[in-house]
Amino acid sequence: AYFGMNSVADIPECVGTIEDTSLPFTSISVLKEYSKDDVTYKIFSRSPMEDALLDQLF
Numbered sequence: 001a002y003f004g005m006n007s008v009a010d011i012p013e014c015v016g017t018i019e020d021t022s023l024p025f026t027s028i029s030v031l032k033e034y035s036k037d038d039v040t041y042k043i044f045s046r047s048p049m050e051d052a053l054l055d056q057l058f
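Per the UniProt record's numbering, residue 1 is the first one in the sequence shown, and the count goes up by one each step.
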């Protein structure tokens with residue numbers, strides 16, 4: 001997984017970054033948790049995110 005976690009459920013509720021244009025996103029946070037395995041995330045990025053990156057994240 002992208003963050004070195006075994007599953008998406010292990011990712012912290014909020015991940016922030018420094019202001020660095022080479023990073024693919026500025027923050028990821030939980031928007032709503034329906035159950036442990038069903039979570040909606042809010043992602044902020046400086047440009048549109050490619051499907052391949054989203055596949056790596058989740």
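Glycine is no exception: its CB is placed at the ideal position from the N, C-alpha and C atoms.
Entirely enclosed alpha helix (DSSP H) segments - the region 32-57, minimum 4 residues: 51-57
Use the C-beta contact count for I18: other C-beta atoms within 10 angstroms, 16 or more gives buried, fewer gives exposed. exposed
Where S43 and S35 are concerned, what is the direct C-alpha to C-alpha distance, given to the nearest angstrom? Note on residue identity: the sequence assigns Ile, not Ser, to residue 43. Answer to the nearest angstrom: the Cα atoms are 19 Å apart.
Given a cut-off of 9 Å, decide if F3 and L54 are closer than it, judged by their beta-carbon atoms. no
With distances taken from CA atoms, which of P24, S45, Y41 is nearest P12? Y41
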